[in-house]
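J.: Before anything else, here's the structure in question.
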Ligand code: FAD
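In the UniProt record's numbering, the protein residues as written are 212 to 518.
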C-alpha cells in the first residue's frame with residue numbers, strides 16, 4: 212500500500228506529491244489527465260516568480276518536478292469510489308483496479324460550466340474566457356460581456372469594470388441573483404450595463420476572435436446583437452466530486468469540506484485545491500493547498516498507530 216495516495220494530477224496534486232515524497236514516504240498519484248485545467252490554459256501570468264508561461268508548458272513542468280522524486284504516476288486513471296477502512300483506505304479505479312493507502316489527498320479539481328451555445332467552444336481562449344482574475348487584463352480597455360447574474364457573475368463584472376472599457380452583464384432570469392450589496396455596486400459603475408431576461412443564443416466571431424454576442428429578449432422575443440471583444444462565462448464552477456457523494460462531507464455546492472489542514476470528514480482523507488471549499492480557485496492557491504494537505508496527511512501518519 213501507499214503511505215499517501217494522491218487522486219488528481221493538477222497543481223494541487225503535483226504539490227501534494229512533491230511534499231509527500233520529500234518526507235520519504237511511499238507516494239502515488241492517480242490522475243485522469245495529469246496536468247489538470249492548466250492543460251486548457253493559454254497564458255499564465257499570475258504564478259508568482261514565473262512572469263509569463265503557457266498552460267501546457269506549466270503542466271510539463273509540474274510532471275517533471277514530480278518525476279524528479281520517487282513517485283508512482285498513474286496517468287489516465289479515473290477514480291470511481293473511495294472506501295474507508297480500518298487501517299487502509301481503498302480507491303477504486305474505472306479500470307477495475309483498486310489502490311490502497313494509509314492516507315489519501317483528493318485533488319480532483321473543478322470545471323467551469325459551459326453555456327453550450329454556438330461559438331463558445333470555437334472561440335475558447337480567443338475571446339471566450341471563464342476566469343476574470345486570469346484573463347481580465349487581456350481585455351484592457353476593450354468591451355466585454357459577463358454571462359450570469361449570480362454572485363460570481365456580478366463580482367466578475369465589478370472586477371472587470373476596473374480593467375476593461377465596458378462591461379455588459381447578461382442574466383437569463385428576470386432579476387440578478389447576486390447579493391444586494393454587489394448589485395448596488397455594479398449599478399453604480401458608469402461603464403457597466405445590466406441586461407436581464409436575456410437568453411444568450413450565440414457568441415459570434417470573425418473566424419479568429421470574438422466580435423459579438425447574440426441574445427434573445429425573453430419577454431418581447433426579439434433578437435439583439437452586442438458588439439464586443441470578450442465574453443466571460445460565469446454560470447458556475449462544478450467540483451469533480453460526483454464520485455464521492457455519500458462518502459464524505461460536501462458543501463451544498465458539492466465542494467469537499469476541509470479544515471485548516473485539509474482534513475476531510477473521513478479520517479486519513481485530505482483534500483486540496485479547486486475541489487474543496489477553499490475560496491478563490493487559482494493555480495498558486497491550489498499548489499499551496501496541495502502542499503498543506505500533504506503535510507496534514509504526514510502529520511496524521513506519524514500520529515496514527517499504523518506501522
Ligand atoms: P485541476 O487543475 O482541475 O486538476 C484536477 C486533476 O484531477 C486533473 O489531473 C484531473 O484529470 C483529475 N481528476 C478529476 N477527476 C478525477 C477522478 N475522478 N479520478 C482521477 N483524477 C481525476 N489559474 C491561475 O492561477 N491563472 C490562470 O491564468 C488561470 N487560467 C485558467 C484558464 C482556464 C481556461 C481555466 C479552465 C482555468 C484557469 N485557471 C487559472 C484556474 C486553474 O487552472 C485552477 O485553479 C487550478 O488548475 C486548480 O488546480 P487543481 O489541482 O485543484 O485542479
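We put the CB at the ideal spot given by N, CA and C, even for glycine. Please read these numbers as outputs of a predicted model, since none were measured by experiment.
Taking the continuous alpha helix (DSSP H) assigned at residue 426, which residues delimit it?
T.: Membership of residue 426 in any alpha helix (DSSP H) is not indicated; the residue belongs instead to the beta strand (DSSP E) covering 421-428.
J.: Name the DSSP bridge partner or partners of residue 314?
T.: 215
J.: Go through the segment 301-346 residue by residue and report every complete run of the beta strand (DSSP E) that reaches 3 residues or more, in order.
T.: Listed in chain order, the beta strand (DSSP E) elements of length 3 or more contained wholly in the segment 301-346 are 309-317 and 321-323.
J.: According to DSSP, is residue 248 part of a helix, a strand, or is it coil?
T.: helix
J.: Nearest CA to the CA of residue 519: which residue from 474, 479 and 478?
T.: Shown here, the chain extends from 212 to 518; a query on residue 519 therefore has no answer.
J.: Secondary structure at residue 436, three-state DSSP: helix, strand or coil?
T.: strand
J.: Give me the residue from 334, 449 and 413 with the minimum Cα distance to residue 435.
T.: 413
J.: For the pair the segment 423-439 and the segment 460-471, tell me if three or more CB-CB distances fall below 8 Å.
T.: no
J.: Cβ atoms of residue 440 and residue 355: under 9 Å apart, would you say?
T.: Against a cut-off of 9 Å, the Cβ pair of residue 440 and residue 355 comes out as a contact.
J.: Just the Cα atoms here: how many angstroms apart are residue 387 and residue 229?
T.: 43 Å
J.: Looking at the strands, I want to know which residues DSSP matches up with residue 362.
T.: Residue 362 pairs with nothing; no bridge assigned.
J.: Measure the C-alpha to C-alpha separation of residue 306 and residue 381 and round it to an integer number of angstroms.
T.: 42 Å
J.: Given 8 Å as the limit, tell me if residue 351 has its C-beta closer than that to any heavy atom belonging to ligand 1.
T.: no
J.: Mind pulling the beta strand (DSSP E) runs of 3 or more residues that sit fully within the segment 448-506?
T.: 448-450 and 480-482
J.: Looking only at its chain, what residues have a beta carbon closer than 7 Å to the beta carbon of residue 254, apart from the 5 residues adjacent to it on each side?
T.: Excluding sequence neighbours, residue 254 sits near 263 and 265.
J.: Nearest-angstrom Cα distance between residue 478 and residue 405?
T.: 47 Å
J.: Three Cβ pairs or more, each shorter than 8 Å: is that satisfied between the segment 309-323 and the segment 493-505?
T.: yes
J.: Measure from the alpha carbon of residue 279 to the alpha carbon of each residue in 232, 359 and 458, then state which is nearest.
T.: 232
J.: Can residue 243 be considered in contact with ligand 1, in the sense that its beta carbon sits closer than 8 Å to one or more heavy atoms?
T.: Residue 243 Cβ: within cutoff of ligand 1.
J.: For residue 342 and residue 444, I'd like the C-alpha separation in whole angstroms.
T.: 8 Å
J.: Pull the bridge partners of residue 509 from the DSSP assignment, please.
T.: BP columns for residue 509 are empty, so no partner.
J.: Residue 308: buried (16+ other C-beta within 10 angstroms of its C-beta) or exposed?
T.: exposed
J.: Tell me whether residue 456 is buried or exposed, calling it buried when 16 or more other Cβ atoms sit within 10 Å of its Cβ.
T.: Residue 456 is exposed by the Cβ-count criterion.
J.: Which residues mark the beginning and the end of the beta strand (DSSP E) in which residue 351 is found?
T.: Neither: residue 351 is in no beta strand (DSSP E) and is coded neither H nor E.
J.: Would you report the Cα separation of residue 212 and residue 258, rounded to the nearest angstrom?
T.: 34 Å
J.: Under the criterion of a Cβ to heavy atom distance below 8 Å, does residue 344 qualify as lining ligand 1?
T.: Proximity of the beta carbon of residue 344 to ligand 1 is indicated: a heavy atom of the ligand is located closer than 8 Å.
J.: Measure the C-alpha to C-alpha separation of residue 409 and residue 481 and round it to an integer number of angstroms.
T.: 42 Å
J.: So, for residue 273: in the same chain, excluding its five sequence neighbours on each side, which residues have a beta-carbon less than 7 Å away from its beta-carbon?
T.: 222, 225 and 246
J.: In the DSSP assignment, find the alpha helix (DSSP H) that holds residue 266 and state where it starts and stops.
T.: Residues 266-278.
J.: Between the beta-carbon of residue 271 and the beta-carbon of residue 240, is there less than 9 Å?
T.: no
J.: How would you label residue 369, buried or exposed, when you count the other beta carbons within 10 angstroms and need 16 or more for buried?
T.: buried
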